[in-house]
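Asker: Right, I'll just put the structure down here and ask away after.
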């Protein structure tokens, strides 16, 4: 008797769900979707297997660097007294008083809102595009750049301070985003714990002498993990990276979900037993600065050949009511006060070439001259396909 | 059913009024934002539905989600019930301390617990094989047990301690063996509370995120991690929405089944204020002592590892990491101490909201007609079974208009945390309210007591212990909450302790890591102290 009632509840819930699905279907004509099931992606991966990673992959190719046909903001006007909001990820930190210097100089107040990590920040901004939570966004990087540009998140603004910024950092020809800081994701190794000579190339990571020594992160759940995958794609091309990863798997590579589980879980630094890990170019300086007990030189070093450049951008969000004040904040973020505050708060390099670097950065975190890069449009076009293929090879 | 007998219009009106508040709260802060998000995700993207349903990998993830949650729940019961029996029946010095200690895991950030598990597995040799505590299904299940023992011990143990012992004593006098008495009588009487508590443990394991990612390694996927993958890594809100619907449907079906089972149980039971008794027989004292020691040891190994790591400094041992917590380290927007103040402030507000609406909802669930009662009972569990992505993003796109733009307001954080805390309140309080003998209320009514007076003078004092248990959980949930808080966004100076710990643990440098460990230990101690203090007010009141 009771079972009958239970069943009737289940049936009612099921009916309700079906009704919802039918209603949703009836609401829209346009059946275009971005959803890809695993089966589809596999088929797609096979189709694309012979293609090379380039911008001209037919209809799928990202259009993010097409002319948006938008006017650039022209700064000017007195914006004193206005308040604007700066949205960032959780890792955004400045010294006390840095933003106050901006308010002192311009009369514009800045409120801040922090959301999760860079991926959450971009997803959230796309979701709230029609009614943004902020006027300026900081923290979209080159790996996610085209996703933001395709969603028309930003309005163009060409800051005069860009003249002090290396052209290689300016990825958007229409200045919808402005490079603020950058860093490299690099393979790090614990110098004293290596089983053989220090690895010098990506190939060395597949050398049996370093068997069971390398730990890196899942590209779908970790930003350094994705950057390392991109580094291998830039080295071996669309034809070769899968073979390389197969050899890494044979050599006992370990995969974690996030940076912390790799660096502090399996790498020597946290008591683990692996001597090679995917981390940042700035990790050795941090190991020096925050060593306990103090050390003369960092215990870790960087594998230059593995470095992939991550550039972090700021942009004025479309829909802002204070474009000129927002533009003034972009100018300030490229200015010397802000730029020299960046390295020791966030462990990244300032985009402005005139900003002085702290000593520990000069000594232990030398920049790699030719860090690897991939066109953000190519990344956006291929991301899901690459990660799906990576899943099949590495996680099986 | 007695309370329905009157059938008078004013009584019906009162009942409607009683249910209106909890329904409105849930409707505004849960149903509205979640349905807004799901509608936005699904409209124009119907093919995502068939894509998801036909995807083998997503079916695999759904199946894994279900079975790991069931196994986690069963194992939690097996491990927690002996301790629940002891704290419910035996009075001993330190009983309240034990109750507070088991709750500590609740506030510990997953990233910290996972680190402690890894360190434990290294030291015990459990770092490979099927019982590895690192990157295995076993590790996931052990972690779920670790987090959830408190739910059984506090909820079931609290209820148990309020049951009168007369039935059992009668059975024993008639010659029934102790084990038969337990199986035939006590287990049956505990069922309302057992079913209520297991549903929470199940949902907690069903939607767990950090544990799956960190302790499961990159290979294990659940509906929850897949929602995150599609919504965040791929910005594919259509697929994420379908997955959220699948998650909600499974949760609704299972919770409805659970509610059905509970409805079959007798509605009232004999409650009594006889508090746990001292264990008289010295020769068998090893039974309660052993139970407490074994369970605590299991819970305390990771906690001890954590304390050790917080005290280890470059020069040996010391409190250096604790001392440095008063300064703002690089990477943090506030000092760790300020983060602790923020967390305590949020937790206080969240607990107040959770106890108020949870208590109100419990009354409504107890007194309303069957339909409304079931709707509320199931509805208030759903936030616990909903992805943090769905809840967080839903609120973000719903409360965004000029009149109620909650996006920049601090209140949004305790509100979200209270939604997750309320089920702990209702699941502790409703079984007790239902167990109250209706004759008691009828007698009061026949002597002229108004319904409000009955609630104040009968229901509230009897439900007080359960309210304290539920409120304690709401407090702990809020202190440890990470997921939804990181989605709704907040001013940088409102950083909470779990966010600060996660941030510190995302940087190289041994001293930074030591600070994260010290901050975790402080979070633990503060939780234990607050819960102890709260439990004490309860004992003062019930005597």
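Protein chains in written order, with our numbering: chain A, 158 to 553; chain B, 2 to 544. Each residue gets a CB set at the ideal place from its N, CA and C atoms; glycine is no exception.
Just to confirm my understanding: we take residue 478 of chain A, look at its own chain, exclude 5 residues before and 5 after, and list those with CB closer than 8 Å. What are they?
Answerer: Answer for residue 478 of chain A: 292, listed in chain order.
Asker: Between the beta-carbon of residue 270 of chain A and the beta-carbon of residue 290 of chain A, is there less than 8 Å?
Answerer: Cβ atoms of residue 270 of chain A and residue 290 of chain A: closer than 8 Å.
Asker: So, do the segment 485–498 of chain B and the segment 386–397 of chain B have three or more beta carbon pairs nearer to each other than 8 Å?
Answerer: Touching, yes.
Asker: Sort out for me which residues DSSP pairs residue 313 of chain B with in a bridge.
Answerer: The partner list for residue 313 of chain B (beta bridge, DSSP) reads B:318.
Asker: Taking C-beta pairs closer than 7 Å, name the residues in chain B that residue 440 of chain A reaches, listed in chain order.
Answerer: Residues of chain B passing the Cβ test: 509.
Asker: Return helix, strand or coil for residue 358 of chain A, following the three-state DSSP convention.
Answerer: Of the three classes helix, strand and coil, the one that applies to residue 358 of chain A here is coil, per DSSP.
Asker: Strictly by DSSP, which residues pair up with residue 413 of chain A?
Answerer: A:374, per the DSSP bridge assignment.
Asker: Give a yes or no on whether the C-beta atoms belonging to residue 367 of chain A and residue 352 of chain A are separated by under 8 Å.
Answerer: The answer is yes: Cβ separation under 8 Å.
Asker: If you count every other CB in all the chains shown that lies within 10 Å of the CB of residue 423 of chain A, and 16 or more means buried, which is it?
Answerer: Buried: at least 16 other Cβ atoms inside 10 Å.
Asker: Go through its chain and collect everything with a Cβ distance to residue 119 of chain B's Cβ below 6 Å, but skip five positions before and after it.
Answerer: These residues qualify, in order along the chain: 135.
Asker: When you check each C-beta in the segment 490–510 of chain A against every C-beta of chain B, which residues fall closer than 9 Å?
Answerer: So the list reads 501, 502, 503 and 504, given in the order they occur along the chain.
Asker: For residue 5 of chain B, I'd like the list of residues in its chain whose CB is within less than 8 Å of its CB, leaving aside the five on either flank, ordered along the chain.
Answerer: Below a pLDDT of 50, predicted positions are generally treated as unreliable, and residue 5 of chain B, at 49, falls in that range; the measurement from the model is reported next regardless. Excluding positions up to five away in sequence, the list reads 370.
Asker: Pull the bridge partners of residue 125 of chain B from the DSSP assignment, please.
Answerer: Paired residues: none, contrary to the question.
Asker: Among the candidates B:158, B:343 and B:366, whose CA atom is the shortest distance from the CA of residue 493 of chain B?
Answerer: Checked all of B:158, B:343 and B:366; the closest Cα to residue 493 of chain B is B:343.
Asker: From the DSSP output, which residues share a beta bridge with residue 407 of chain B?
Answerer: Beta-bridge pairing links residue 407 of chain B to no other residue.
Asker: When the Cα atoms are used, what is the spatial distance from residue 189 of chain B to residue 252 of chain B?
Answerer: So the two alpha carbons sit approximately 25 Å from each other.
Asker: Short of 8 Å in beta carbon distance, which residues of its chain neighbour residue 289 of chain B, apart from the five on each side in sequence? Order them along the chain.
Answerer: Cβ within range, chain order: 87, 91, 93 and 280.
Asker: I need the DSSP call for residue 510 of chain A, collapsed to helix, strand or coil.
Answerer: Coil.
Asker: Comparing the C-beta of residue 550 of chain A with each C-beta of chain B, is any distance below 8 Å?
Answerer: With 8 Å as the cut-off, residue 550 of chain A does not count as an interface residue toward chain B.
Asker: In the structure shown, what three-state DSSP assignment does residue 329 of chain B receive?
Answerer: Coil.
Asker: Is residue 347 of chain A helix, strand or coil when you go by DSSP?
Answerer: Residue state, collapsed to three classes: strand.
Asker: Using 8 Å as the threshold, is the segment 359–378 of chain B in touch with the segment 227–242 of chain B, meaning 3 or more CB pairs across them?
Answerer: No: the two stretches stay apart, fewer than three of their Cβ pairs being nearer than 8 Å.
Asker: Could you tell me which residues DSSP pairs with residue 124 of chain A in its beta bridges?
Answerer: The structure shown does not extend to residue 124 of chain A, since chain A spans only 158 to 553, so no value can be given for it.
Asker: Determine the DSSP secondary structure at residue 520 of chain B, reduced to helix, strand or coil.
Answerer: In this structure, residue 520 of chain B counts as helix in the three-state DSSP scheme.
Asker: Can you tell me which residues form a DSSP beta bridge with residue 469 of chain A?
Answerer: For residue 469 of chain A, which the question treats as bridged, DSSP gives the partners A:298 and A:338.
Asker: Going by C-alpha distance, which of B:103, B:523 and B:58 is nearest residue 548 of chain A?
Answerer: The candidate whose alpha carbon is nearest that of residue 548 of chain A is B:58.
Asker: Measure how close the beta-carbons of residue 333 of chain A and residue 370 of chain A come, nearest whole angstrom, since I'm counting them as under 8 Å.
Answerer: Going by Cβ atoms, the distance from residue 333 of chain A to residue 370 of chain A rounds to 42 Å, so no, they are not a contact pair.
Asker: For chain A, is any of its Cβ atoms less than 8 Å away from the one on residue 410 of chain B?
Answerer: No, because no Cβ of chain A sits closer than 8 Å to the Cβ of residue 410 of chain B.
Asker: Using alpha carbons as the reference points, say which of A:524, A:377 and A:538 lies closest to residue 343 of chain A.
Answerer: Checked all of A:524, A:377 and A:538; the closest Cα to residue 343 of chain A is A:524.
Asker: Kindly list, in the order they appear in chain A, the residues whose Cβ is closer than 9 Å to that of residue 337 of chain B.
Answerer: Per Cβ cutoff of 9 Å: no residues; residue 337 of chain B is ~13 Å from chain A at best.
Asker: Along the segment 283–313 of chain A, where does the CB come closer than 7 Å to a CB of chain B? Name the residues.
Answerer: The residues in question are 283, 284, 285, 288, 290 and 304.
Asker: What first and last residue would you give for the beta strand (DSSP E) that runs through residue 366 of chain A?
Answerer: No beta strand (DSSP E) holds residue 366 of chain A; DSSP gives it neither H nor E.
Asker: Report buried or exposed for residue 1 of chain B, applying the criterion of at least 16 other Cβ atoms within 10 angstroms of its Cβ.
Answerer: Here chain B has residues from 2 to 544 only, and residue 1 of chain B is not among them.
Asker: Just to confirm the assignment, what range does the alpha helix (DSSP H) spanning residue 314 of chain A have?
Answerer: Counting along the chain, residue 314 of chain A falls outside any alpha helix (DSSP H), and DSSP gives it neither H nor E.
Asker: Could you tell me whether the segment 512–525 of chain B touches the segment 300–312 of chain B, where touching means 3 or more Cβ pairs closer than 8 Å?
Answerer: Short answer: they touch.
Asker: Which of the residues in the segment 441–469 of chain A, read from start to end, lie with their CB under 7 Å from any CB of chain B?
Answerer: Here the close residues are 443, 444, 446, 447, 448, 449 and 450.
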